[in-house]
């Protein structure tokens, strides 16, 4: 099943999640990594990412991308949020990421960030029919989303992130009363405007996501019980407890804050503005508590990936073999008759298995025959005339992941010789190949030609075959109707078989009543 690495380049932290999509379209987290890089320090006053922050960020990103690739993760979804979005040199930073890792990072808008956060929550919490408000406080922005189990009603991205508020309003620790008044006024104004059309009684619950909410909950739980928070997801935090922690933080020095049980040292200067945002939101909505959710943007990105790649995931579930899956995908893109292609492939494989004493080929060649049989008619997409030649060009120039260039060349040649001319020294594409490859093409093309003839009408009249080896190779076809056309076509295409194996071929038919003719 698909493996996905999600790289989230935030203002405060850089995260990576390694996930594996499951057959039921859920996912399993295999590993998580986090570094509080503080990429956005100073960016909201200078409008630039500092050289030091970029160096820290690049080092972390290089490490995480290399780690993911070393673990076999080829699909990496990288996103950057408000710090990179708003910095004048954000593009320069992402150019460095591309140059040093080969990864193209997508800068997402505030609206897209909100959508992805809600998608993560929506698939992790049993939301009611009535509106729920989700709030995610990051370093640069705050996403406020109102929705229910089925849809988003309103989503806003506000410039109220904890690092931004600290940089703009809290220039010293502890802050002055004037600083706190200015910060509260800015938060209140933006939240009132964002909540606008949603009256208090319409929002049933408030869900808070991400690290700020989690650390605040940890501090509160330790303060109340003396024990660590046993589980973050669905934990509840009261407005009264948030106000109490806010008051302690507002009056404390950095040294005193660092001594507070549970407080993450890297959030020592940002947990206060985050607590103020939570407290004012609860007051405006006249709610008494927050419910926490441990899923947010990264999980939303995974669910978004699953939605966008539903067909691919289904194909991987139904056909685990990547090589066969890509063969079938190419056949589908070229509008091949699946019934005919698979029936011919089945007949060709029965011929292969029952003539092994003659050709001596193995499992690898058997797979090439099956692939060529499935693809032998893709040339019809260009034109019915000389469709065997068109099949060669299409296969040769297709990106068949999982196959080597040599294998693709062999499959293309086998499909090319399923009708009309047999391989000759006049065909440059054939003669440039090693003698061993030429023999494989001759043998497998000979089998494919007969198999295709045995489904000439494309009605699967020949249901099975039995091969008896001797001075004459006798192929008995079990049929379900008039197979005259099929036997005529198979006889006409047995020329290469007789040339390769130096013995004639005889066809007989039998019905289900075992009446041979």
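In the numbering used here, the protein residues as written are 382 to 898. Each residue gets a CB set at the ideal place from its N, CA and C atoms; glycine is no exception.
ask   = Leaving out the 5 sequence neighbours to the left and right, which residues in its chain are closer than 6 angstroms to residue 424 when beta-carbon positions are compared?
value = Locating residue 424 in the chain shown gives position 43, counting from the first residue. Correct list, in chain order: 430, 464 and 468.
inquiry  = Checking the sheet assignment: what are the DSSP bridge partners for residue 396?
reply    = One-based indexing of the chain shown puts residue 396 at position 15. Beta bridge pairing from DSSP links residue 396 with 389 and 415.
Beta-carbon spacing of residue 525, residue 598 below 8 angstroms = Here the question's residue 525 lines up with position 144 in the chain shown. Here the question's residue 598 lines up with position 217 in the chain shown. At least 8 angstroms separates the beta-carbon of residue 525 from that of residue 598.
task = Could you pull out every unbroken beta strand (DSSP E) segment of at least 3 residues lying fully inside the stretch 736-804, listed in chain order?
result = Counting only runs of 3 or more residues that sit fully inside the stretch 736-804, no beta strand (DSSP E) segment turns up.
Residue ranges of each alpha helix (DSSP H) within the stretch 620-687, 4 or longer = Whole alpha helix (DSSP H) segments, 4+ residues: 620-631, 635-639 and 652-666.
ask   = On the three-state DSSP scale, how would you describe residue 871?
value = What you label residue 871 is simply residue 490 of the chain shown in a count that begins at 1. In the structure shown, residue 871 adopts helical secondary structure according to DSSP, grouped into three states.
query = Along the chain, which unbroken stretches of the beta strand (DSSP E) at least 3 residues long are found entirely within the stretch 813-893?
reply = Listed in chain order, they are 843-849, 854-860 and 886-891.
query = What three-state label does DSSP hand residue 433 in the structure shown?
reply = By 1-based counting over the chain shown, the position of residue 433 is 52. Correct three-state label for residue 433: helix.
ask   = Could you give the C-beta distance for residue 728 and residue 613, rounded to a whole number, given that I count them as a contact under 8 angstroms?
value = On the chain shown, position 347 is the one that residue 728 refers to. On the chain shown, position 232 is the one that residue 613 refers to. Their Cβ separation, rounded to whole angstroms, is 59 angstroms, which puts residue 728 and residue 613 out of contact at 8 angstroms.
key: residue 843 to residue 875 span [Cα, whole Å]   = Counted from its first residue, the chain shown places residue 843 at position 462. Counted from its first residue, the chain shown places residue 875 at position 494. If I take the Cα positions, the gap works out to 16 angstroms.
query = Can you check whether the CB of residue 755 is closer than 8 angstroms to the CB of residue 732?
reply = Residue numbering aside, residue 732 sits at position 351 when the chain shown is read from its first letter. Residue numbering aside, residue 755 sits at position 374 when the chain shown is read from its first letter. Between residue 732 and residue 755, the gap from beta carbon to beta carbon reaches 8 angstroms or more.
Status (buried if at least 16 other CB within 10 Å, exposed otherwise) for residue 455 = Within the chain shown, numbered from 1, the residue matching residue 455 stands at position 74. With fewer than 16 Cβ atoms within 10 Å of its Cβ, residue 455 is classed as exposed.
message = Tell me which residue opens and which closes the beta strand (DSSP E) that residue 537 is part of.
response = Taking the first residue of the chain shown as 1, we reach residue 537 at position 156. Residues 533-539.
ask   = How is residue 528 classed by DSSP in three states: helix, strand or coil?
value = The residue labelled residue 528 in the question sits at position 147 within the chain shown. Collapsing the DSSP output to three states places residue 528 in a strand.
ask   = For residue 667, does the count of other Cβ atoms within 10 angstroms reach 16, so buried, or fall short, so exposed?
value = As a first step, residue 667 is located in the chain shown; it is residue number 286 there, counting from the start. The residue is exposed, with fewer than 16 neighbouring Cβ atoms inside 10 Å.
Cβ-based neighbour list, residue 410, same chain, cut-off 8 angstroms, excluding 5 preceding and 5 following = Working through the chain shown from its first residue, we reach residue 410 at position 29. So the list reads 398, 399 and 400, once near-sequence residues are dropped.
task = Specify the secondary structure class of residue 446 as computed by DSSP and reduced to three states.
result = Position 65 of the chain shown, counted from the start, is the residue given in the question as residue 446. When secondary structure is reduced to three states using DSSP, residue 446 falls in the helix class.
task = Take the Cβ of residue 751 as the centre, count every other Cβ of all protein chains shown within 10 Å, and call the residue buried at 16 or more, exposed below.
result = On the chain shown, residue 751 is found 370 positions in, with the first residue counted as 1. Looking at its Cβ environment, which holds 16 or more other Cβ atoms inside 10 Å, residue 751 is buried.
Environment of residue 813 [buried if 16+ CB atoms lie within 10 Å] = As a position in the chain shown, residue 813 is number 432, starting the count at 1. Classification for residue 813: exposed.
Straight-line Cα distance separating residue 696 from residue 706 = In the chain shown, the residue the question calls residue 706 occupies position 325. In the chain shown, the residue the question calls residue 696 occupies position 315. Rounded to the nearest whole angstrom, the C-alpha separation of residue 706 and residue 696 is 7 angstroms.
ask   = When you compare only the Cα positions, how much space is there between residue 485 and residue 573?
value = Residue numbering aside, residue 485 sits at position 104 when the chain shown is read from its first letter. Residue numbering aside, residue 573 sits at position 192 when the chain shown is read from its first letter. Cα to Cα, the separation comes out at about 37 angstroms.
message = Determine whether the beta carbon atoms of residue 832 and residue 797 lie at a separation below 8 angstroms.
response = The count along the chain shown starts at 1 and reaches residue 832 at position 451. The count along the chain shown starts at 1 and reaches residue 797 at position 416. Not in contact: residue 832 and residue 797 (Cβ atoms no closer than 8 angstroms).
message = Could you compute how far the alpha carbon of residue 867 sits from the alpha carbon of residue 821?
response = Start at 1 with the first residue of the chain shown, and residue 867 comes out as number 486. Start at 1 with the first residue of the chain shown, and residue 821 comes out as number 440. Cα to Cα, residue 867 sits roughly 25 angstroms from residue 821.
query = Is the number of C-beta pairs between the stretch 624-643 and the stretch 468-480 that are closer than 8 angstroms three or more?
reply = No contact exists between the stretch 624-643 and the stretch 468-480.
task = Compare the beta carbon distance of residue 650 and residue 554 with 8 angstroms and say whether it is the shorter of the two.
result = In the chain shown, the residue the question calls residue 650 occupies position 269. In the chain shown, the residue the question calls residue 554 occupies position 173. In contact: residue 650 and residue 554 (Cβ atoms closer than 8 angstroms).
key: Every unbroken beta strand (DSSP E) within the stretch 437-509, with a cutoff of 3 residues, ordered by chain   = The qualifying runs are 456-461 and 486-488.
For residue 717, the three-state DSSP class (helix, strand or coil) = By one-based count along the chain shown, residue 717 stands at place 336. In the structure shown, residue 717 sits in coil (DSSP, three-state: anything other than H, G, I, E or B).
ask   = Do residue 654 and residue 543 have their C-beta atoms within less than 8 angstroms of each other?
value = For this step, residue 654 is matched to residue 273 along the chain shown. For this step, residue 543 is matched to residue 162 along the chain shown. Result yes, Cβ atoms of residue 654 and residue 543 sit closer than 8 angstroms.
query = By how many angstroms is the C-alpha of residue 664 removed from the C-alpha of residue 571?
reply = In the chain shown, residue 571 corresponds to position 190, counting from 1. In the chain shown, residue 664 corresponds to position 283, counting from 1. Their backbone Cα atoms lie some 14 angstroms apart in a straight line.
ask   = Which residues in the same chain have their Cβ closer than 8 angstroms to the Cβ of residue 471, if we skip the five residues on either side of it in sequence?
value = Locating residue 471 in the chain shown gives position 90, counting from the first residue. Excluding sequence positions up to five before and after residue 471, its CB lies within less than 8 angstroms of the CB of 430, 461, 464, 465 and 488, all in the same chain and listed in chain order.
message = According to DSSP, residue 514 sits in a beta bridge with which residue or residues?
response = For this step, residue 514 is matched to residue 133 along the chain shown. In the DSSP output, where bridge partners are listed per residue, residue 514 has 527 and 587.
query = Roughly how many angstroms lie between the CA atoms of residue 777 and residue 680, to the nearest whole one?
reply = Your numbering for residue 777 matches position 396 in the chain shown. Your numbering for residue 680 matches position 299 in the chain shown. Their Cα atoms are separated by approximately 39 angstroms.
ask   = Taking Cβ positions, are residue 626 and residue 600 nearer each other than 8 angstroms?
value = Residue numbering aside, residue 626 sits at position 245 when the chain shown is read from its first letter. Residue numbering aside, residue 600 sits at position 219 when the chain shown is read from its first letter. In this structure, residue 600 lies closer than 8 angstroms to residue 626 by Cβ.
ask   = From residue 387 to residue 746, what does the alpha carbon distance come to, in whole angstroms?
value = By one-based count along the chain shown, residue 387 stands at place 6. By one-based count along the chain shown, residue 746 stands at place 365. Residue 387 and residue 746: Cα-Cα distance of roughly 39 angstroms.
query = How about residue 492 and residue 536: are their beta carbons less than 8 angstroms apart?
reply = For the purposes of this step, residue 492 is taken as residue 111 along the chain shown, with counting starting at 1. For the purposes of this step, residue 536 is taken as residue 155 along the chain shown, with counting starting at 1. Cβ atoms of residue 492 and residue 536: closer than 8 angstroms.
Own chain residues within Cβ distance below 8 angstroms of residue 508, not counting five before or after = The residue you call residue 508 lines up with position 127 of the chain shown. The residues are 502, 528, 529 and 530.
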